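Chains as they are written, first to last, in the numbering used here: chain A, 1 to 886; chain B, 1001 to 1886.
Protein chains: 2
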Amino acid sequence: MATKVATKVATKKMVYFFGNGKAEGAGDMKNLLGGKGAGLAEMTNLGVPVPPGFTITTEVCTGFYANDKKWPEGLEEDVKTNLKRLEDALGARFGDPANPLLVSVRSGARVSMPGMMDTILNLGLNDTTVQGLIKKSNNPRFSYDSYRRFIQMYSDVVLGVEHAEFEHLLDARKKARKVQHDTELTAEDWKELVVQFKALVKEKTGKPFPETPWDQLKGAINAVFDSWNNARAIKYRKLNDIPGDWGTAVNVQAMVFGNMGDTSGTGVAFTRDPATGEKKFFGEYLINAQGEDVVAGIRTPQPISTLEQAMPLAFKQLEDIYRRLESHYKDMQDIEFTIQEGKLFMLQTRGGKRTAAAAVQIAVDMVKEGLIDKKTALMRVQPDQLDQLLHPMIDPKAKLQKIGKGLPASPGAAVGRVVFNADEAERWAERGEKVILVRTETSPEDIGGMDAAEGILTSRGGMTSHAAVVARGMGKCCVAGCGEVKVDEARKRFTVGDIVVKEGDWITLNGSTGEVILGQVKLIQPELSGDFSKIMEWADEVAVTGVRTNADTPHDAQVARDFGARGIGLCRTEHMFFAEDRIKAVREMILAKDVESRKKALAKIMPMQKGDFVEIFRVMDGLPVIIRLLDPPLHEFLPHEDEAIAELAKEMGVTPAEVKQKVESLKEMNPMMGHRGCRLGITFPEIYEMQARAIFEAAVEVAKAGVKVIPEVMIPLVILEKEFKVLKEMCVEVANEIIGKSSLKIDYLIGTMIEMPRAALIADKIAEEAEFFSFGTNDLTQLTLGFSRDDAGKFLPSYIERNILEKDPFQTLDQVGVGEMIKIGSERGRKTRPNLEIGICGEHGGDPASVEFCHNVGMDYVSCSPFRVPVARLAAAQAQIKNPRK
Amino acid sequence: MATKVATKVATKKMVYFFGNGKAEGAGDMKNLLGGKGAGLAEMTNLGVPVPPGFTITTEVCTGFYANDKKWPEGLEEDVKTNLKRLEDALGARFGDPANPLLVSVRSGARVSMPGMMDTILNLGLNDTTVQGLIKKSNNPRFSYDSYRRFIQMYSDVVLGVEHAEFEHLLDARKKARKVQHDTELTAEDWKELVVQFKALVKEKTGKPFPETPWDQLKGAINAVFDSWNNARAIKYRKLNDIPGDWGTAVNVQAMVFGNMGDTSGTGVAFTRDPATGEKKFFGEYLINAQGEDVVAGIRTPQPISTLEQAMPLAFKQLEDIYRRLESHYKDMQDIEFTIQEGKLFMLQTRGGKRTAAAAVQIAVDMVKEGLIDKKTALMRVQPDQLDQLLHPMIDPKAKLQKIGKGLPASPGAAVGRVVFNADEAERWAERGEKVILVRTETSPEDIGGMDAAEGILTSRGGMTSHAAVVARGMGKCCVAGCGEVKVDEARKRFTVGDIVVKEGDWITLNGSTGEVILGQVKLIQPELSGDFSKIMEWADEVAVTGVRTNADTPHDAQVARDFGARGIGLCRTEHMFFAEDRIKAVREMILAKDVESRKKALAKIMPMQKGDFVEIFRVMDGLPVIIRLLDPPLHEFLPHEDEAIAELAKEMGVTPAEVKQKVESLKEMNPMMGHRGCRLGITFPEIYEMQARAIFEAAVEVAKAGVKVIPEVMIPLVILEKEFKVLKEMCVEVANEIIGKSSLKIDYLIGTMIEMPRAALIADKIAEEAEFFSFGTNDLTQLTLGFSRDDAGKFLPSYIERNILEKDPFQTLDQVGVGEMIKIGSERGRKTRPNLEIGICGEHGGDPASVEFCHNVGMDYVSCSPFRVPVARLAAAQAQIKNPRK
């Protein structure tokens, strides 16, 4: 096997040279040469000045592993040949005491894996060649510093001597010399340290530090190969779905130095402003410095605009190059350059990272400039990034005193003074204070206070806790389940470790990351530019998968419609039940001892439900509205604390014992799989009947006022075709009676949620009656995986950390398992009813990867919370571009 | 449509005559003529004396419904033609005042639906023909009684006048005549009642009672058709999976009377003893009586043996006939006969119902007699019935004072004196008392008392509650979750409504039905005859699906092996954890603050676990043993009551608050989908490691002693291939280390339970590593249907009652939903690993219908509780006979 691979590799070209204005490789050879190698080749071919060098292909790396970590046959010869070409190109030689060739050795995979693998600079230095460098540079301090850096880097990466060991020696030196900074050390100091470093290597490895440049190079190349399989690279690959058999290329390139005096320098730049997207050359540089000095922040770099004055020739050349690179790559570039004694060298070019705002502006501008087409523009914006544009965010420059981290339950940021109960929150807000409501967990009674607050922080509860769900609906920042925060509501304070935060103290929340920050932090307000609308408009032109919203109130519906939602995919009727003026009637209904008294209580709720639907139908004029009939188990509506029970008993005119007994009797071991959803509709048909009546009376009322209403009634938790049939018949009877009386024509659909595995399996039978399916992927995930969302926190983090599970299946759809259920459900459903309307209404409807999946399985729409609507619209467009569907 | 059907029916023969020793139909025409009609035809053709008559086919019934409840074209003519043949055969005429023809009209579907549809006797009587009957019978009392019976029956069935209305008149008559029994009324009374009855019909229906025999007959035939779709028939069909479009036949047959004096009589008989199976003619008869008199129990029937003396000729003829029928049908027959004035008529023959013991003996005897082959014999025993043979049962003749009904948690019956705690149970048992342990629910501390008791009754908990599971394991009778029983443990009594049962009072439990009975009832002890072994032996010869057992203790394993189990399919290790001497160490392990202390506690448990495995391996010498690693969430092992927490804290040397906090922190919203199964193995690998060590050390120990040990380690709750891989590697490492040291060769398998939908979906990937699958259908049912077994009691009964769901999916496998998951899992698993060992270990493994399903999907074995093993063995054989598999 090993031999076979070696032979196979040997028949292919293993090393690609670049230099003297010509490269053997090209920009489209990323798979073979890695991103960096392909970029260097491409720039060389474009005539851009690049220090010459060569790239050992990724196939060699793969061969190296297949061959028991030995070099494939012929590689040594090829490397030597190319080294010779490099020497010839530069007129310098490896190990030449007079004019030594120094090289960098860098990894470079197909895709950028920043910081994951190793780099070695200044290779070729030893006690002899350092003298040559001194002569050439006329700078002993620079030369010895370069030498000790090389020893340090090489020993760490190749020989396995820890970086810290060298730092100890360095610290001792500074102490002895009574100085603070490296810059204060002299050439003599560095020279002395080189001796000490080499002694350390001898002591730790039992062997002297390699003096021969060729040995150094071989070791470095092996180290780069090895680094492909170091722990952090493996983890990074798994997290980013990068196959382990891609391998890395190795780039060996002549060193250039930006720190050879005042005619040298180094810098990084972007071809457009990566923060705003503005079309202007943007970057910074340092005179007489190396790349790492820019990063280290010891000296303050200069804005790139000043380079024109400092080095007019180099600047002009740089300007020319960046324009060529951008128009060549048709994207904003992130470039690295070094100027050595007045001569410009480009070290890297790649697509530049950018903020959401910049991504949007650059994409739109480039379309205007004719550089790219609309589809390319759409692919240039990360859907998830759009979230930044819709919520206030924390100023990225602000210094933060982070004190805790909870779940990023509802995105955005909020600043306010801490209060510990909802009434307080309302009172403070009334007098103009900005407040953050902090609770152990919230309950329906807190709604007013949540509305009054800037943001909500809870110490308990998950991504679908009351606080999280309500906050997302309100588009309000929320950090939930922050366990480090110990809330003492009685004493009006919370503690995090030793920190005590009292009522009235300022805190800041980052709902997008879950961070809790002490004090008042500056926020940046969102600004929806015309470019944003443009991108959204293009997205809608392209997408075939529609986007609806999950909205329970007229307000949410309006927000979502403003964000471009094309209907409501899920209107949960139970949140309406929680409102303060209704919960009493709901509890009366639950405590009813017979059907008659239950009906009496329902009659009180009915006009309120109808009123909600009237408003929602008005807002969604012309668009479909899916209303889900009551879903949660009834015990969720009852109080559980003695005090609240006593109060309820008093209100209802029964004994606390009676209420308590009812609460007890409704208790469930596994409420998620209990008496809920259509099971309530079967056992208490009067509840669903009231809801159907409210829906269709509302529909008739608004239709009379000229609103185009398209109601879709959704029956939840179906697993048996008969459940659906019985309840559909009931709804149809109510609908026909009400619509019939009105002499209007109102089209409506009756459909179901597919959220239990059995429903997906018998979708063909359910579709005989059901006119639409909405995949409830929250529950479908719970049941397919057997993960209780409320409890998974006990083991899920450890699963993800150990990479047993790649991602939290409640955040991004488990495409293998839950996705398979969806495929089965969709295929079987459409087999019976080819035009079956299919959508998704779980939290996944706003996750771009999940939207792509939904597109690929042929869904008609996804539905997500209002603030995720733009994200989903863009994701739907990208999905269509990647995998066009009719 | 209606016309089309009518035409279609018209082209087929609609009426089949039988009489004069020849029938147009035959015994194999059950589908067309119904069971009764086919039987009458067959007997007629055999030359057995049968009153002549004719059968209207089931197709006519179907046509009747398709034709808007009208008679198909030509039917009236056909009925009239056959009526004429009947009149000719008997020399009597419909409506003839001198010699009237009287007929019975009876329904008869393909399969017997006892009591579901209607029968009318004595049809043809009216004020004129009754005089003819008086003349013929010379018995006015008999004649008027027959007449009033006809009016009563006909009015109820055809005219919709309630039976009770007639009974009121009858009661009034008896009161007026100051008599108690019908038999005391005279001919004059009956005559008078006929007048009153007819007046009542006129009053209630507004029309006179039909006098014309032809009108009477038409009405009766329509009523039989109608009765096919009455509510109780529909329900019966649904419960017994009988399609609604089969329809019923109508049998019109000449009346014969067993009540025409001392040379008349009627009786029922079985060709063999239906209670014991003994080969002897068995039955009873009444002189001068009608069939309903035998049933009503007013007079005591005579044993059939005395008929020889009473009517020697008829008896000889009857003996001859029953022998012919049995050898013709090759099965024990249940026959009905009437002797009219010395002449014998057979009215029915059909396969006789029988006890399990009789079924076994008859089947074996008939093979010996050469009447049937072994496969037919196997099909003659209902697997579910075998349960009767394995447990004591309540004497079917005993009069029972039933006071409550709980779940039939563990079959059999038990009699004992009530005690309310486990210690008491042990003390009473020691002094020789038989006791029934009554608890609200049981817990691990009650094990000793449960073992000492004859049976267990709990007021709370389901089919898999602690009491139920432990009792089934012990093969001990248990009624669980009997909510009507209010247990007051403090006052040592329980109440059911007004009934108070105190400590020491006798009660009887029927664990097969769930009934709780007051007082001491006679039990019948099981007797496993040689015939039973014979049937089991034949079953094993035929079956290809093996039967293993779910057994957690050496005792259970031994019982199961004695019952013929061919291995252990599920050995739950957690039940071992509950034993009194271990729970302390288990709790110490759970409360451990770090890995080290957890390992210390595990080291204490390890020798005990190993000891269990040693014993189980010894018992199962030569057979495979699947051991499941720890499955339940840890909180199940901790106490929840304050007192017990305090005690535990004291034992562990920590504060009660600490214990309480741990208990709280382990609490779960939906424990079924929580931190359990292999999720524990991933987060606390030391637990599974200890268990693997115990298993393989035990294996090596017994193997050294010459036992053939075949361990199969089962990892529960897997949903991700990596979960399995990581844990398998750990087990293999432990196994190889231990086996390696021993210099023995021990083959073992590492496999998994498929109990989460996702596991079934990715079975192909799991099978890359897993060497066997065991479908855990308890959990798979919960998750596929989203039914929490602990909570489903709130709606499941109403689902089944309303026929939304046909059967409790926890008792018999939901073949459509869960079955589909099993099919997917099996197919995908075997795609990767064709020889994958596949079995089932849910409660369904002992349910015959589910066993058949498992056979059909190609499982290697089913596994069930020890006492269900014979049931499963027979079910597996029958499955193979019905659907032969290689």
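The beta-carbon is built from N, C-alpha and C at its ideal position, and this holds for glycine as well.
Owing to the predicted nature of the structure, the values given are computational and were not obtained by experimental measurement.
For tryptophan 506 of chain A, the first and last residue of its enclosing beta strand (DSSP E): As a working mapping, residue 506 of chain A is identified with position 506 in the first sequence. 506-510 is the span of the beta strand (DSSP E), which, as asked, contains tryptophan 506 of chain A.
Buried versus exposed, by CB contacts within 10 Å (16 or more), aspartate 1172 of chain B: The count along the second sequence starts at 1 and reaches residue 1172 of chain B at position 172. It should be pointed out that residue 1172 of chain B corresponds to alanine in this sequence rather than to aspartate. Result: exposed.
Cα-Cα separation between threonine 1777 of chain B and proline 1757 of chain B, rounded to whole angstroms: Position 777 of the second sequence, counted from the start, is the residue given in the question as residue 1777 of chain B. Position 757 of the second sequence, counted from the start, is the residue given in the question as residue 1757 of chain B. Threonine 1777 of chain B and proline 1757 of chain B: Cα-Cα distance of roughly 10 Å.
Beta-ladder partner(s) of asparagine 104 of chain A, from DSSP: On the first sequence, position 104 is the one that residue 104 of chain A refers to. Per the sequence presented here, residue 104 of chain A reads as serine, with asparagine not at that position. In DSSP, serine 104 of chain A forms a bridge with A:Gln253.
Residues from the region 1811-1823 of chain B in contact with chain A, defined by Cβ distance under 8 Å: Identification of residues in the region 1811-1823 of chain B having a C-beta nearer than 8 Å to some C-beta of chain A yields Asp1814, Val1816, Gly1817, Val1818, Glu1820 and Met1821, given in sequence order.
Beta-carbon proximity list for valine 1005 of chain B, same chain, < 7 Å, skipping 5 on both sides: Within the second sequence, numbered from 1, the residue matching residue 1005 of chain B stands at position 5. Residue confidence for valine 1005 of chain B is low, a pLDDT of 41 falling below 50, so the modelled location carries little weight; the figure read from the coordinates is stated next. Excluding residues up to 5 positions away in sequence, Gly1063, Ala1066 and Asn1067 lie with their Cβ nearer than 7 Å to the Cβ of valine 1005 of chain B in the same chain.
Buried or exposed (CB count within 10 angstroms, at least 16 for buried), methionine 1 of chain A: Locating residue 1 of chain A in the first sequence gives position 1, where the first residue counts as 1. Residue confidence for methionine 1 of chain A is low, a pLDDT of 36 falling below 50, so the modelled location carries little weight; the figure read from the coordinates is stated next. It counts as exposed.
Same chain, Cβ closer than 6 Å to methionine 366 of chain A, neighbours up to 5 away in sequence not counted: The count along the first sequence starts at 1 and reaches residue 366 of chain A at position 366. A distance below 6 Å between beta-carbons, with the five flanking residues on each side excluded, links methionine 366 of chain A to the following residues of its chain, in chain order: Ile372.
Where lysine 1008 of chain B falls, given that 16 or more other Cβ within 10 Å makes a residue buried: Translated into the one-based positions of the second sequence, residue 1008 of chain B becomes position 8. Here lysine 1008 of chain B scores only 45 on pLDDT, less than 50, and its place in the model is too uncertain to base an answer on.
Unbroken beta strand (DSSP E) run spanning lysine 1202 of chain B, endpoints: Your numbering for residue 1202 of chain B matches position 202 in the second sequence. Per DSSP, lysine 1202 of chain B belongs to no beta strand (DSSP E); it is in the alpha helix (DSSP H), 1187-1205.
Cβ pair count under 8 Å reaching 3, the region 868-877 of chain A against the region 543-558 of chain A: Output reads yes: the region 543-558 of chain A touches the region 868-877 of chain A.
Touch test, the region 1751-1769 of chain B against the region 1716-1729 of chain B, Cβ-Cβ under 8 Å, three pairs minimum: Touching, per the Cβ criterion.
CB contact below 9 Å: leucine 717 of chain A versus chain B: Counting from one through the first sequence, the residue named residue 717 of chain A turns up at place 717. Closer than 9 Å to the CB of leucine 717 of chain A there is at least one CB belonging to chain B.
For proline 632 of chain A: DSSP bridge partner residues: As a first step, residue 632 of chain A must be located in the first sequence, where it is residue number 632. Per DSSP, none; premise fails for proline 632 of chain A.
Short CB-CB distance (under 9 Å) between isoleucine 804 of chain A and chain B: In the first sequence, the residue the question calls residue 804 of chain A occupies position 804. Yes, isoleucine 804 of chain A counts as interfacial toward chain B.
Identity of the residues DSSP links to glycine 751 of chain A by a beta bridge: In the first sequence, counting from the first residue as 1, residue 751 of chain A sits at position 751. The beta-bridge partner set that DSSP reports for glycine 751 of chain A consists of A:Met714.
Contact under 9 Å by Cβ, leucine 1123 of chain B with tyrosine 1154 of chain B: Taking the first residue of the second sequence as 1, we reach residue 1123 of chain B at position 123. Taking the first residue of the second sequence as 1, we reach residue 1154 of chain B at position 154. Their beta carbons are under 9 Å apart, which means leucine 1123 of chain B touches tyrosine 1154 of chain B by this criterion.
Nonlocal neighbours in the same chain, by C-beta distance under 7 Å from leucine 32 of chain A, ignoring five residues either side: In the first sequence, residue 32 of chain A corresponds to position 32, counting from 1. Excluding residues within five positions, the ones whose Cβ falls inside 7 Å are Thr57, Thr58 and Glu59.
Beta-carbon gap between phenylalanine 1315 of chain B and glutamate 1308 of chain B smaller than 9 Å: As a first step, residue 1315 of chain B must be located in the second sequence, where it is residue number 315. As a first step, residue 1308 of chain B must be located in the second sequence, where it is residue number 308. Yes. Within cutoff.
Buried versus exposed, by CB contacts within 10 Å (16 or more), valine 419 of chain A: Within the first sequence, residue 419 of chain A is the residue found at index 419, counting from 1. Buried, by the Cβ-count rule.
Contact with chain A by glutamine 1782 of chain B, beta-carbon distance below 9 Å: Along the second sequence, one-based indexing puts residue 1782 of chain B at 782. It does; some Cβ of chain A falls within 9 Å.
Candidates B:Glu1192, B:Glu1769 and B:Leu1634: closest to glutamine 1577 of chain B by CA position: Start at 1 with the first residue of the second sequence, and residue 1577 of chain B comes out as number 577. Going by the sequence as given, residue 1577 of chain B is phenylalanine instead of glutamine. If we check each option's Cα against that of phenylalanine 1577 of chain B, B:Leu1634 comes out closest.
Neighbour list for phenylalanine 787 of chain A in chain B, Cβ cutoff strictly below 7 Å: Translated into positions along the first sequence, residue 787 of chain A becomes position 787. In chain order: Met1673.
Interface flag, glutamate 1755 of chain B vs chain A, CB-CB below 9 Å: Residue mapping note: residue 1755 of chain B aligns to position 755 of the second sequence, counting from 1. Closer than 9 Å: yes.
Glutamate 1733 of chain B burial status per 10 Å Cβ neighbour count (16 or more: buried): Within the second sequence, the letter at position 733 stands for residue 1733 of chain B. With fewer than 16 other Cβ atoms within 10 Å, it is exposed.
Whether threonine 55 of chain A touches glycine 34 of chain A by CB criterion (9 Å): In the first sequence, counting from the first residue as 1, residue 55 of chain A sits at position 55. In the first sequence, counting from the first residue as 1, residue 34 of chain A sits at position 34. Yes, they are a contact pair.
Short Cβ contact (9 Å threshold) for alanine 356 of chain A with glutamine 382 of chain A: Residue 356 of chain A sits at position 356 when you count from the first residue of the first sequence. Residue 382 of chain A sits at position 382 when you count from the first residue of the first sequence. Glutamine 382 of chain A sits close to alanine 356 of chain A, with the two beta carbons spaced by under 9 Å.
Any C-beta of chain A under 9 Å from that of threonine 1683 of chain B: Looking up residue 1683 of chain B in the second sequence gives position 683. Using a Cβ-Cβ cut-off of 9 Å, threonine 1683 of chain B counts as an interface residue toward chain A, since at least one Cβ of chain A sits closer than that to its own.
Cβ-based burial, asparagine 1138 of chain B [other Cβ within 10 Å; buried from 16]: Locating residue 1138 of chain B in the second sequence gives position 138, counting from the first residue. By the 10 Å Cβ count, asparagine 1138 of chain B comes out exposed.
Range of the contiguous alpha helix (DSSP H) that encloses isoleucine 1881 of chain B: Numbered from 1 along the second sequence, position 881 holds the residue referred to as residue 1881 of chain B. Start and end: 1869-1882.
Spatial distance of asparagine 856 of chain A from arginine 885 of chain A (CA atoms): As a working note, residue 856 of chain A is residue 856 in the first sequence. As a working note, residue 885 of chain A is residue 885 in the first sequence. Their backbone Cα atoms lie some 8 Å apart in a straight line.
Closest by C-alpha distance to serine 1443 of chain B, when choosing among B:Lys1600, B:Gly1432, B:His1466 and B:Lys1807: Locating residue 1443 of chain B in the second sequence gives position 443, counting from the first residue. For serine 1443 of chain B, the nearest C-alpha among the options comes from B:His1466.
Contiguous alpha helix (DSSP H) assignments of at least 4 residues, all confined to the region 1793-1872 of chain B: Taking 4 residues as the minimum length, the alpha helix (DSSP H) runs contained wholly in the region 1793-1872 of chain B are 1796-1801, 1818-1832 and 1848-1856, in order along the chain.
Spatially closest choice to phenylalanine 1810 of chain B from B:Val1360, B:Asp1790 and B:Lys1584, by CA coordinates: Taking the first residue of the second sequence as position 1, residue 1810 of chain B is located at position 810. For the residues B:Val1360, B:Asp1790 and B:Lys1584, the minimum Cα distance to phenylalanine 1810 of chain B belongs to B:Asp1790.
Reference lysine 1136 of chain B, options B:Leu1121, B:Leu1101 and B:Phe1150, closest by Cα: By one-based count along the second sequence, residue 1136 of chain B stands at place 136. Taking only the C-alpha atoms, the option nearest lysine 1136 of chain B is B:Leu1101.
Backbone CA spacing between leucine 1783 of chain B and asparagine 670 of chain A [nearest angstrom]: For this step, residue 1783 of chain B is matched to residue 783 along the second sequence. For this step, residue 670 of chain A is matched to residue 670 along the first sequence. Approximately 11 Å, taken between the alpha carbons.
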